[in-house]
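The following block contains the structure:
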């Protein structure tokens with residue numbers, strides 16, 4: 051799984067400005083913590099014993115204009131600190147490469163002073179000495195720490211303020227072999243930026259053209275890094291093994307922490323990715339990778355393996371000026387098929403909001419987070435406390451939990467893991483059952499999008515223990531779910547229904563204005579093989595739970611767990627089973643139900659069945675048209691969109707749609723395709739792509755476009771289309 055780490059660093063580091071020749075090179079040949087004993091600024095690293103300790107090298111580097119290097123003599127394979135290391139106040143590269151050391155890294159062990167006052171093993175400050183001839187105004191900014199083992203520190207392994215740092219190929223929080231925890235009591239790495247943004251660069255072009263696959267992520271990250279360098283020099287946290295720390299593995303903290311790239315790290319597992327060495331076992335339930343207090347413009351990925359941690363794998367919070375990015379990571383699985391090493395809570399938890407408080411600058415993009423492409427988010431353990439599948443109201447368990455806004459989730463595998471790493475979904479023999487213990491995705495706020503209208507934007511949301519996607523909350527308005535595979539892998543028609551989510555494919559609980567699907571050729575979701583319903587709408591009322599549009603989706607073969615329980619679309623009038631048809635006039639609208647209990651059409655199945663004037667559906671092989679007779683009893687004097695689908699056991703095809711108006715009795719009187727007489731309509735239409743529907747069944751939905759006698763919902767205007775979509779009609783076979 052982690053072989054991709056070696057592909058990442060060239061592009062990510064290529065844009066870093068060249069570093070001038072080092073002023074001084076210190077070689078550590080003393081494993082003690084003795085101080086520099088001679089003249090502080092004589093450029094000589096020399097203890098009382100005439101040797102050079104790491105402590106003395108840092109002290110002397112701080113008193114000389116940088117940049118400097120510190121390396122280690124072959125005999126120095128480990129240093130057990132007996133005193134705090136000095137703060138680093140000059141630009142320095144500390145390279146712990148040593149072929150004789152375990153794992154090839156010099157071991158910096160803070161155990162002897164752990165608990166004595168609490169200290170970070172390495173403190174890098176953003177200011178230094180400016181006193182001629184010393185000129186280090188930027189302190190340790192731009193420094194590099196590489197090939198070190200950093201463990202048993204009384205606080206953070208590395209704490210840095212400012213920008214431009216590179217932390218490369220270190221082992222932080224474990225023993226030198228990477229097989230057991232040797233915890234730092236704080237974070238593995240903490241970075242606090244120090245520069246308020248002088249300007250917000252225009253990255254809209256990058257946002258409009260995100261990477262479409264794993265191979266494009268590194269180049270995209272480099273382009274983003276170049277655009278953000280006008281704010282701050284980038285930080286690189288790459289190729290590290292960061293596990294066992296009591297608090298976070300990595301924290302990027304505050305709204306001045308920007309342009310950081312976290313790639314190719316192992317976080318929460320052993321060095322071989324075969325066992326858990328969790329971060330976050332200390333107090334406060336810390337997450338593994340944390341972007342907090344408005345850190346923005348940072349890139350998590352590609353190539354991180356973030357699994358085995360005590361709490362969330364990644365969390366992002368605060369009001370952000372530009373979006374953060376999460377792409378190309380493995381979040382939850384271990385390094386071999388079948389290993390269940392998921393994070394203890396959610397895979398990703400987003401509470402970030404858009405910075406728009408009116409004080410310049412504000413976020414110009416409308417986004418806080420891009421999740422995708424090519425993340426594998428599986429086996430994470432949050433499970434809603436083991437609650438029943440129909441307990442939705444407080445459910446926050448998910449591979450991805452979004453309680454923020456402006457989040458795009460696209461091109462990920464959520465709940466099923468493809469091994470080896472690469473495209474999220476591969477041949478059937480590579481698909482592993484390591485679904486998240488909760489839902490695939492939970493949205494508790496509005497203004498977010500799952501999937502999209504391009505092929506690369508499809509998420510594969512499969513085999514989660516609860517529901518595929520849960521959208522919940524009476525104030526949750528305006529989410530989009532489009533172009534995803536929920537419960538079945540592409541291409542459709544494979545009959546691979548063992549991949550379904552255990553509950554419903556999609557649940558909308560109390561939420562309004564949700565768009566599921568759309569009018570475009572690639573807008574439809576494929577929702578199949580799930581345990582209960584394809585789409586379930588719940589807890590509707592006068593003020594919420596309506597205007598949820600379900601358009602042109604392929605929803606079929608759900609209800610696989612218990613025979614007779616679960617249908618394609620369920621509006622809760624009769625839970626988990628189809629409403630009685632034909633729906634009685636006056637039963638719709640009903641404010642006790644989601645989407646106001648919008649009645650579905652009744653399709654004729656034969657002569658006089660179920661209505662006296664009915665005729666059977668048919669297919670005209672000459673013209674390619676499918677014909678159906680139907681009726682509906684619904685809201686008086688409204689406009690409906692009627693959609694027609696061909697249904698078969700292993701798939702569904704959208705055929706065509708039309709606009710229909712109703713009379714004062716709520717019966718259809720005219721349509722753009724149908725001819726209606728006395729409330730019975732006959733439609734004959736052809737799909738954009740020819741479809742021989744013989745032997746299939748026709749099903750229909752109705753969407754009420756303009757219910758004008760209902761109260762407003764947050765974000766919705768009364769005279770806008772409300773888009774209350776019905777359940778599917780009962781199927782009518784096409785001979």
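Residue numbers (the working numbering): 51 to 785. Where is the CB? At the ideal position from N, CA and C, for every residue including glycine.
Cβ atoms of residue 162 and residue 128 stay farther apart than 8 Å, at about 12 Å.
In its chain, beyond the 5 residues on either side, 396, 399, 492 have a beta carbon closer than 6 Å to the beta carbon of residue 451.
Boundaries of the alpha helix (DSSP H) harbouring residue 267: 267-278, taken from the DSSP string. Around the beta carbon of residue 275, a 10 Å sphere encloses 16 or more other beta carbons of the protein chains shown; the residue is thus reported as buried.
The DSSP assignment places complete beta strand (DSSP E) segments of no fewer than 3 residues inside the segment 569-642 at 576-578, 585-588, 599-601, 604-606, in order along the chain.
Cβ-Cβ distances below 7 Å link residue 103 to 78, 80, 82, 83, 84, 97 in the same chain, with the five nearest sequence neighbours on each side left out; the list follows chain order.
Going by DSSP, residue 567 is part of the beta strand (DSSP E) stretching over 565-567. Residue range 74-78 is occupied by the beta strand (DSSP E) that includes residue 75. Under DSSP, residue 420 forms a beta bridge with 375, 458.
One alpha carbon belongs to residue 325, the other to residue 358, and they sit about 8 Å apart. In the DSSP assignment, residue 159 falls within the unbroken beta strand (DSSP E) covering 156-159. The closest CA to that of residue 437, considering only 342, 171, 295, 447, is found on 447. Between the alpha carbons of residue 556 and residue 521 lies a gap of roughly 8 Å. Between the alpha carbons of residue 279 and residue 309 lies a distance of about 7 Å. Distance between residue 313 and residue 351, taken at the CA atoms: about 4 Å. Leaving aside the five residues that flank residue 417 on each side, the residues in its chain whose CB is nearer than 7 Å to its CB run, in chain order, 257, 373, 456, 458. If you draw a straight line from the Cα of residue 625 to the Cα of residue 526, it is about 22 Å long. 683 is the residue among 360, 683, 679 whose C-alpha sits nearest the C-alpha of residue 637. By the neighbour-count criterion, in which a residue is buried when 16 or more other Cβ atoms sit within 10 angstroms of its Cβ, residue 727 is exposed.
DSSP, read as helix, strand or coil, puts residue 506 in helix.
Taking C-beta atoms under 8 Å as the contact rule, residue 338 and residue 364 qualify, at a distance of about 7 Å.
Annotation note: the segment 688-758 contains the following uninterrupted beta strand (DSSP E) runs of length 3 or greater, listed N- to C-terminal: 689-698, 701-712, 718-721, 725-727, 730-735, 747-754. A residue is called buried when at least 16 other Cβ atoms come within 10 angstroms of its Cβ; residue 233 meets this threshold and is buried. In the structure shown, residue 258 adopts helical secondary structure according to DSSP, grouped into three states.
Collapsing the DSSP output to three states places residue 501 in a strand.
By the Cβ rule, the segment 652-663 does not count as touching the segment 706-721, because fewer than three pairs are nearer than 8 Å.
Take the alpha-carbon of residue 704 and the one of residue 461: they are about 23 Å apart. Per DSSP, reduced to three states, the secondary structure at residue 186 is coil, with no helix or strand assignment.
Looking at 524, 571, 503, 582, the one whose alpha-carbon comes closest to that of residue 518 is 582. For residue 449 and residue 188, the gap between their C-alpha atoms comes out near 41 Å. Note that the segment 655-668 does not touch the segment 569-584; fewer than 3 beta-carbon pairs, one per stretch, sit closer than 8 Å. Following the DSSP letters along the chain, one finds residue 105 inside the alpha helix (DSSP H) bounded by residues 104-112.
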